[in-house]
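Report on the following structure.
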Amino acid sequence: MEGFADLAAARRWAAQFVAWYNEEHRHSGLRYVTPAERHAGKDPHILARRHALYQTARQRNPQRWRRNTRNWKPIGPITLNPERDCLAGKAQPEAESKRKAA
Numbered sequence: 001m002e003g004f005a006d007l008a009a010a011r012r013w014a015a016q017f018v019a020w021y022n023e024e025h026r027h028s029g030l031r032y033v034t035p036a037e038r039h040a041g042k043d044p045h046i047l048a049r050r051h052a053l054y055q056t057a058r059q060r061n062p063q064r065w066r067r068n069t070r071n072w073k074p075i076g077p078i079t080l081n082p083e084r085d086c087l088a089g090k091a092q093p094e095a096e097s098k099r100k101a102a
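For what it's worth, the UniProt record's numbering labels the leading residue of the sequence shown as 1, then goes sequentially.
Given below as structure tokens:
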């Protein structure tokens, strides 16, 4: 793999990747919705439609389904760095008390 010709080429590649990742990539950790759909709050509707589709397919052909269908329930809050959020949550009350005292 070769590097980028210049900084502008690297920036173009990064911008295209970010657009693809957020707008097109169906993320397994988000139950196969895109990050943009999740951010816009569309995931509950999308997942409900998928659940209904799977239930219909299961009713039409029950012998195909040995187990339950996929879990299409919306996921709760997510974080990139849960360990840092945990530490930040512990530090927050102290910061709040200092702010109130000031």
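By construction, the Cβ of each residue, glycine as well, lies at the ideal position given by its N, Cα and C atoms.
Item	Value
Which first and last residues belong to the alpha helix (DSSP H) in which F17 is found?	L7 to E23
Between the beta-carbon of A36 and the beta-carbon of N22, is there less than 7 Å?	yes
Hey, out of A48, G29 and R66, whose CA is closest to T79's CA?	G29
How many angstroms separate the CA atom of A102 from the CA atom of H39?	Note on A102: pLDDT 46, under 50, position unreliable in the model; the coordinate value appears next. So the two alpha carbons sit approximately 36 Å from each other.
Alpha helix (DSSP H) containing P62: first to last residue?	No alpha helix (DSSP H) holds P62; DSSP gives it neither H nor E.
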